[in-house]
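Working notes, structure below.
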Amino acid sequence: MPKPPPTPPRSRPEPLLTVDGLRISFSGTEAVRGVTFEVYAGEVLALVGESGAGKSLTARALLGMVPRAATVTGRVLLRGAPVTPADLGRRIARIPQDAQSALSPVHRVEDQLALAARSVRPLRRAEARALARRALAEVGLGPEAAAARPHALSGGMRQRAVIATALVNGPELVVADEPTTALDPERRERILTLLRERCADAGAALLLVSHDLEAVRRHADRVAVLHAGRVAELGPAARVLTRPAAPYTRGLLAALPTEDLPHRSRLPAPDGTPSVPGAPGCAFAPRCPRATDRCRAEEPDLRTAAGHRVACHHPYTEGEAA
Ligand SMILES: Nc1ncnc2c1ncn2[C@@H]1O[C@H](COP(=O)(O)OP(=O)(O)OP(=O)(O)O)[C@@H](O)[C@H]1O
Ligand SMILES: [Mg+2]
1 MPKPPPTPPR SRPEPLLTVD GLRISFSGTE AVRGVTFEVY AGEVLALVGE SGAGKSLTAR
61 ALLGMVPRAA TVTGRVLLRG APVTPADLGR RIARIPQDAQ SALSPVHRVE DQLALAARSV
121 RPLRRAEARA LARRALAEVG LGPEAAAARP HALSGGMRQR AVIATALVNG PELVVADEPT
181 TALDPERRER ILTLLRERCA DAGAALLLVS HDLEAVRRHA DRVAVLHAGR VAELGPAARV
241 LTRPAAPYTR GLLAALPTED LPHRSRLPAP DGTPSVPGAP GCAFAPRCPR ATDRCRAEEP
301 DLRTAAGHRV ACHHPYTEGE AA
């Protein structure tokens, strides 16, 4: 009998995480206005954009941590099923912004990790402690640091302990919102490298929220650019951060102080005529050098072209100078 034809390879595997039409509002004012993206197993996806773009709210929605006053609609799926509270800390872990306050000052570091391990599955004390020590060893913290209380550790060591805590239960996704803002540039780079490498070793995807486009370029596989609660551009970091199609992304890159980037344009500061929430048109139109009447009338949808998505009526073509 002839062999059945092989199934054609899929262009992309099933996403690990699907965020579909996420909307978050406060008393009727929408801060996140239909954010859609996916995270694939093992990748680093960065969320970038100006302050107030909705990065943290989006990240918090994945962790079930939106402020109480928020109304959330849309879907967040983990391997196709809605995220449940039981997934948090186990399948989805969080790297908090402030390592200092994330760790309890009164407990030994290894006890905190052991507690985190025992909170998601039944483990004997000794098993949990062994797991904790292994997780700490993997971020370079030996038995002495493991047995110490956080105040006895340096800032960098505390950051390592926080990474170990996030990874102790073998999560599929780690969400880190500006995890290194409190550090000096050199330590920031070291911690980000450690975080990325440890996630890769553990097979966890990393959703990294960051203002630092240079760091994102070094560490992310793909990047989603958020503007005014929407995704403006989404694609491979190497492409989005060197040859962006959205005028907004070009503006963001132009604000970088260093590096010779081929496509730059100035991003005018908000000029006092911000788009009124709920106003028609593209929220970037008041600041956009390419805006037309259409942009002021009709909000652009996120369109796909060759694995790269852009929400713009007049995107730049690949070689086009700003
Ligand atoms: N608790 C809240 N109540 C009301 N509005 C809120 C609340 N939290 C956030 N917002 C609104 O949502 C918008 C997006 O907030 P978010 O914290 O997600 O921004 P961000 O992109 O993380 O900014 P940053 O880069 O400064 O951290 C804010 O501009 C604010 O208007
Ligand atoms: Mg934020």
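Residue numbers are given in the UniProt record's numbering: position 163 of the sequence shown equals residue 163, and the series is strictly consecutive.
C-beta: ideal position from N, C-alpha, C; glycine also.
_Using only the alpha-carbon positions, how far apart do L167 and P179 sit?_
The straight-line gap from Cα to Cα measures roughly 15 angstroms.
*Counting by C-beta, which residues lie closer than 7 angstroms to a heavy atom of ligand 2, in chain order?*
Matched residues: K55, S56, D177, E178, V209.
_CB contact flag (L17, E30, <8 angstroms)_ = No, the Cβ-Cβ distance between L17 and E30 is not below 8 angstroms.
*By how many angstroms is the C-alpha of A132 removed from the C-alpha of A255?*
Approximately 42 angstroms between the Cα atoms of the pair.
*Closer than 7 angstroms: P96 CB and nearest ligand 1 heavy atom*: P96: no, Cβ never under 7 angstroms from ligand 1.
*Beta-carbon gap between A145 and L113 smaller than 8 angstroms*: It is not a contact, given that the beta carbons lie outside the stated cut-off.
_Beta-carbon proximity of E197 to A164, cut-off 8 angstroms_ = E197 is not a Cβ neighbour of A164, given a cutoff of 8 angstroms.
*Quick one: does the C-beta of H227 sit closer than 7 angstroms to a heavy atom of ligand 1?*
Result no, Cβ not under 7 angstroms from ligand 1.
*asked:* With a threshold of 8 angstroms, are at least 3 pairs of Cβ atoms found where one atom belongs to the region 217–229 and the other to the region 244–255?
replied: Touching, yes, given that three or more Cβ pairs across the two stretches are closer than 8 angstroms.
_Beta bridge counterpart(s) of E38 as assigned by DSSP_ = E38 is bridged to T18.
*Go to D111, then tell me how far its beta strand (DSSP E) extends in each direction, as first and last residue.*
Looking at the DSSP string, D111 is not in any beta strand (DSSP E); the run it does join, the alpha helix (DSSP H), is 109–120.
_Nearest to V175 (by Cα), restricted to the options F26, A117, T58, A102_ = Among F26, A117, T58, A102, the Cα nearest to that of V175 belongs to T58.
*To which residues of the same chain is V83 closer than 6 angstroms at the C-beta, ignoring the five residues directly before and after it?*
Cβ neighbours of V83 beyond the five flanking positions: V76.
*asked:* At a cut-off of 7 angstroms, would you count A31 as near ligand 1, judging by its Cβ distance to the nearest heavy atom?
replied: It does: the Cβ of A31 is within 7 angstroms (strictly closer) of some heavy atom of ligand 1.
*Between the CA atoms of Q97 and S210 - distance to the nearest angstrom*: When rounded, the distance between both Cα atoms is 11 angstroms.
*Taking all protein chains shown into account, decide if P289 is buried (16 or more other Cβ within 10 angstroms of its Cβ) or exposed.*
So P289 counts as exposed.
*Along the chain, which unbroken stretches of the alpha helix (DSSP H) at least 4 residues long are found entirely within the region 161–245?*
DSSP runs (the alpha helix (DSSP H)) wholly in the region 161–245: 185–202, 213–219, 237–240.
*the region 147–155 in contact with the region 121–130 per 3-pair CB rule at 8 angstroms*: Judged by Cβ distances under 8 angstroms, the region 147–155 makes no contact with the region 121–130, as fewer than three pairs qualify.
*For C282 versus E299, is the C-beta distance shorter than 8 angstroms?*
In this structure, the beta-carbon distance from C282 to E299 falls below 8 angstroms.
_Cβ neighbour criterion (16 or more within 10 Å) applied to P247_ = Label assigned to P247: buried.
*Work out the CA separation of L194 and Y116 for me, nearest whole Å.*
Here the sequence assigns Ala to residue 116, which means Tyr is not the residue at that position. One alpha carbon belongs to A116, the other to L194, and they sit about 21 angstroms apart.
*Any C-beta of chain B sitting closer than 8 angstroms to the C-beta of I191?*
Absent from the structure: chain B. Only one protein chain is present.
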